[in-house]
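Worksheet for the structure shown next.
Dropping the structure here:
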């Protein structure tokens with residue numbers, strides 16, 4: 488993870504240090520998720536310069552979920568394309584603690600790693616760990632707490648993964664081809680199958696993150712509504 492961190496803060500996930508850390512399962516508590524969605528709602532409203540009531544709760548929940556997915560997937564994508572290895576990020580190795588912002592801080596402990604020279608191996612390793620054991624349960628928990636559809640959260644996961652490749656390619660274009668190949672392989676996994684596709688190298692998701700439902704908002708570049 489230290490070598491991946493050199494790609495930038497977006498690809499960094501540090502060992503836990505200090506106090507206040509809580510288990511991943513604690514984040515999935517309904518009251519905790521509602522609190523996180525509410526804090527995100529306030530932040531979005533402040534950014535848009537509008538009353539909080541104008542921000543749909545499900546939009547805020549989706550925004551929070553995308554932020555978490557991107558934060559957890561990016562270091563793994565970076566490692567897969569640069570180091571030909573995937574950190575095995577499971578619930579028991581992932582901790583979080585509250586910050587003054589609407590997104591928690593994440594840290595890891597006892598993190599293992601698996602060799603992944605082939606993109607199919609990298610995708611399978613991510614699917615078996617961070618996707619199936621961390622992000623999929625989070626999607627179900629957010630659905631139960633806020634009513635946000637799992638179709639949206641599944642789309643958020645693949646969109647966040649592809650977005651991390653886009654960010655990586657801005658500074659390191661030499662990694663883009665392998666990165667997009669990892670995304671293509673992820674699209675064949677059970678959880679992410681049918682969540683997106685590439686058309687002339689342009690990625691499109693098959694669901695909407697609901698960002699457009701907020702005031703002064705538009706459509707994301709990979710939105711299903713843009714593609715249609």
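Numbering (this note's numbering), first residue to last: 488 to 715.
Where is the CB? At the ideal position from N, CA and C, for every residue including glycine.
Residues in its own chain within less than 6 angstroms of residue i by CB, not counting five upstream and five downstream?
i           : result
residue 638 : 694
residue 576 : 616, 617
residue 649 : 670, 690
residue 632 : 517, 520, 521
residue 700 : 543, 546
residue 452 : Here the chain has residues from 488 to 715 only, and residue 452 is not among them.
residue 599 : 575
residue 621 : 578
Please classify residue i as buried or exposed, where buried requires at least 16 other C-beta atoms within 10 Å of its C-beta.
i           : result
residue 647 : buried
residue 657 : exposed
residue 712 : exposed
residue 490 : exposed
residue 498 : buried
residue 627 : exposed
residue 588 : exposed
residue 651 : buried
residue 709 : buried
residue 493 : exposed
residue 660 : exposed
residue 642 : buried
residue 688 : exposed
residue 580 : buried
Based on the DSSP secondary-structure assignment, which residues constitute the bridge partners of residue i?
i           : result
residue 510 : 582
residue 502 : 595
Starting from the C-beta of residue i, find all residues in its chain whose C-beta is less than 7 angstroms away, skip the five residues before and the five after it, and write them out in chain order.
i           : result
residue 539 : 528, 529, 532
residue 537 : 702
residue 603 : 567, 571, 572, 573, 609, 612
residue 686 : none
residue 526 : 589
residue 623 : 678
residue 662 : 568, 569, 655, 656
residue 705 : 699
residue 666 : 564, 568, 652, 655, 656
residue 592 : 583, 584, 586
residue 635 : 545, 548, 549, 629
Would you please state the rounded distance, in angstroms, between the beta carbons of residue i and residue j? I believe it to be under 8 angstroms.
i           : j           : result
residue 696 : residue 553 : 6 angstroms
residue 578 : residue 512 : 6 angstroms
residue 567 : residue 609 : 4 angstroms
residue 500 : residue 562 : 4 angstroms
residue 644 : residue 556 : 5 angstroms
residue 681 : residue 692 : Actually they are not in contact, since the Cβ atoms of residue 681 and residue 692 sit about 10 angstroms apart, beyond 8 angstroms.
residue 606 : residue 668 : 4 angstroms
Hey, would you say the C-beta of residue i is under 7 angstroms away from at least one heavy atom of the ligand PLP?
i           : result
residue 618 : Ligands in the displayed structure: none, and consequently the ligand PLP is not present.
Enumerate in chain order the residues of its own chain whose CB-to-CB distance from residue i is below 8 angstroms, with the five nearest sequence positions on each side excluded.
i           : result
residue 507 : 584, 585
residue 614 : 673, 676, 677, 678, 679
Checking contacts by CB at 8 angstroms: is residue i closer than that to chain D?
i           : result
residue 627 : The structure shown contains no chain D; it holds only a single protein chain.
(message) Give the list of continuous beta strand (DSSP E) stretches no shorter than 3 residues that lie fully inside the segment 534-608.
(response) 572-575, 581-584, 592-595, 599-602
(request) Can you check the segment 643-697 for any beta strand (DSSP E) of at least 3 residues that lies completely inside it and give the ranges in chain order? (result) 683-686, 689-692
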